[in-house]
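Down below is the structure, laid out as structure tokens.
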Amino acid sequence: MSPVRADIAAAGRVVVKVGSSSLTTSAGEIADEAITALAAALAARHGAGIQVVLVSSGAIASGLVPLGLTRRPSDLATQQAAASVGQGLLIARYTAAFAQHGIRTGQVLLSADDLMRRTHYRNAQRTLDRLLELGVLPVVNENDTVATDEIRFGDNDRLAALVAHVTHARALVLLSDVDGLYDGDPRRGTAQRIPEVRGQADLAGIRLGRGLKAGQGSQTSQGSQTSQGSQTSQTSLTSQTSQTSQGIGGMATKVEAAIIASTAGIPTVVADAANAAAALAGDPVGTYFAAHGRRPATRLLWLKHAAVARGSLRLDPGAVEAVVKRHASLLPAGLTGVEGAFDAGDPVDLCDENDTIVARGLVNYDAAEIPGLMGRSTRWLASKLGPEYEREIVHRDDLVIL
225 MSPVRADIAA AGRVVVKVGS SSLTTSAGEI ADEAITALAA ALAARHGAGI QVVLVSSGAI
285 ASGLVPLGLT RRPSDLATQQ AAASVGQGLL IARYTAAFAQ HGIRTGQVLL SADDLMRRTH
345 YRNAQRTLDR LLELGVLPVV NENDTVATDE IRFGDNDRLA ALVAHVTHAR ALVLLSDVDG
405 LYDGDPRRGT AQRIPEVRGQ ADLAGIRLGR GLKAGQGSQT SQGSQTSQGS QTSQTSLTSQ
465 TSQTSQGIGG MATKVEAAII ASTAGIPTVV ADAANAAAAL AGDPVGTYFA AHGRRPATRL
525 LWLKHAAVAR GSLRLDPGAV EAVVKRHASL LPAGLTGVEG AFDAGDPVDL CDENDTIVAR
585 GLVNYDAAEI PGLMGRSTRW LASKLGPEYE REIVHRDDLV IL
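Numbering (my numbering), first residue to last: 225 to 626.
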């Protein structure tokens with residue numbers, strides 16, 4: 225065990241995420257041997273008294289062959305249909321594989337809304353905690369049968385990072401068909417695996433490649449895209465084994481998830497599924513993201529890393545300074561514009577006069593109400609419209625700086 229990964233090996237509760245490409249064949253069929261091997265690795269940790277939560281992709285991919293589909297469907301309705309068929313097949317395989325080790329599993333399907341709305345979040349947290357207390361190994365997936373493009377995680381890497389936060393896990397392990405992060409294209413023979421990341425500075429100048437959808441062939445470094453917020457460079461961050469992917473996540477989503485978790489105090493490892501046991505034991509495989517920072521409120525974690533804004537508000541310079549530098553609430557007096565169709569409680573982006581997004585928050589008014597409030601003080605609004613208008617557009621407790 226590497227000394228720097230003692231926190232992984234000693235974690236009493238760990239979240240493990242496995243990607244579609246590690247669970248299915250190139251034809252989209254469930255790879256029983258892969259599930260058997262993964263179950264054995266997790267069962268060993270479970271048998272050592274470690275509480276394990278498995279976040280598993282593969283529902284849509286598992287439903288392709290039974291429905292006679294040769295490619296991952298592009299339309300939402302067919303994706304949901306494939307997930308409906310595939311999820312049952314997937315959980316049945318997991319149930320049988322873990323039963324061989326005397327472990328009972330429980331299925332938990334989550335949507336993005338479940339980790340935003342406090343009552344939903346608390347219900348999810350209580351369910352997962354109780355399953356673990358009862359010795360059950362929860363198998364979590366996004367509820368693809370009902371999720372829409374507007375309210376979904378988009379990939380299970382971020383879902384796993386948020387589940388690790390919800391369950392107060394002490395470690396996160398992201399498994400797929402990659403063996404870690406590289407500082408270049410390893411097929412050229414000169415790239416080196418990055419064994420450890422201690423902060424954003426260690427990723428400076430590195431471009432992150434995104435994965436492909438099922439049926440679209442293998443990923444190449446030339447086809448990779450720069451992740452949101454990363455800087456363009458001459459170096460691509462890629463996997464050692466660039467295979468056909470059945471999922472929608474890529475290296476960028478894994479790095480994003482690792483940063484979400486590690487900056488919330490949860491050490492994270494990105495590794496090949498074939499090295500699951502070694503990664504969980506703290507061995508120096510894959511890439512280790514050291515924990516730093518403090519755990520924020522789950523709602524704010526979701527708002528910053530997973531929420532999709534339903535609209536935007538434009539702020540004057542004074543309001544930008546108050547929100548960004550003084551962490552103050554956004555008041556009607558600081559608004560100069562509004563775009564989008566949203567309801568009270570929806571996430572919205574807060575932009576400066578150049579339309580640069582500076583923050584995101586949960587708005588207290590419907591979009592149709594805001595034009596009549598812009599530039600007015602809350603005291604004036606309360607005197608003219610009633611005391612219910614003496615409130616913030618976005619309260620500082622429902623706001624994150626980007």
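We put the beta carbon where it would ideally sit given N, CA and C, even for glycine. Since the structure is predicted, the reported quantities are computational estimates derived from the model, not experimental observations.
With a cut-off of 8 Å on Cβ pairs, the segment 295 to 311 is not in contact with the segment 385 to 393, counting fewer than three such pairs. When secondary structure is reduced to three states using DSSP, Arg550 falls in the coil class, being assigned neither helix nor strand. Here the alpha carbons of Ala546 and Ala235 stand approximately 40 Å from one another. Taking a cut-off of 8 Å on C-beta distances, the segment 272 to 287 does not touch the segment 515 to 532, as fewer than three cross pairs fall below it. In the three-state scheme derived from DSSP, where H, G and I count as helix and E and B as strand, Pro297 is classed as coil. By the Cβ neighbour-count rule, Ile483 is buried, with 16 or more other Cβ atoms within 10 Å of its own. Its Cα nearest to that of Arg317, the residue Ala255 stands out among Gly359, Asp338, Ala255, Ala301. Pro491 counts as buried, since no fewer than 16 other beta carbons sit within 10 angstroms of its beta carbon. When DSSP states are grouped into helix, strand and coil, Ser400 belongs to the strand group. Note on His551: under 16 other CB atoms within 10 angstroms of its CB, so exposed under the neighbour-count rule. Straight through space, the alpha carbons of Val239 and Val279 are spaced by roughly 7 Å. If you check the CB distance, Ala505 and Ala495 do not come in under 8 Å. Pairing Ala565 with Gly273, the inter-Cα distance amounts to about 49 Å.
In this structure, Ala497 sits near Leu399, with a CB-CB distance shorter than 8 Å. At a Cβ-Cβ threshold of 8 Å, Leu555 and Glu616 count as neighbours. Contact between Ala258 and Leu247 holds, since their C-beta atoms are separated by about 6 Å, short of 8 Å.
Sequence-distant Cβ neighbours of Leu356 in its own chain, meaning closer than 6 Å and more than five residues away, are Gln275. In this structure Glu614 is not in contact with Leu626, their Cβ atoms being roughly 28 Å apart against a cut-off of 8 Å. Excluding residues up to 5 positions away in sequence, Arg382, Ala385, Leu386, Glu480, Ile484 lie with their Cβ nearer than 8 Å to the Cβ of His529 in the same chain. Ser486: member of the alpha helix (DSSP H) spanning 475 to 486, first to last residue.
Going by beta carbons, Val544 and Asp576 fall inside the 8 Å limit.
One Cα belongs to Val402, the other to Arg417, and the distance between them is close to 11 Å. In the three-state DSSP reduction, Pro571 falls in the strand class (E or B). Take the alpha-carbon of Tyr406 and the one of Leu527: they are about 30 Å apart. Boundaries for Thr391: no beta strand (DSSP E) harbours it, and the DSSP string shows neither H nor E there. DSSP, reduced to helix, strand and coil, places Ala583 within a strand of the structure shown.
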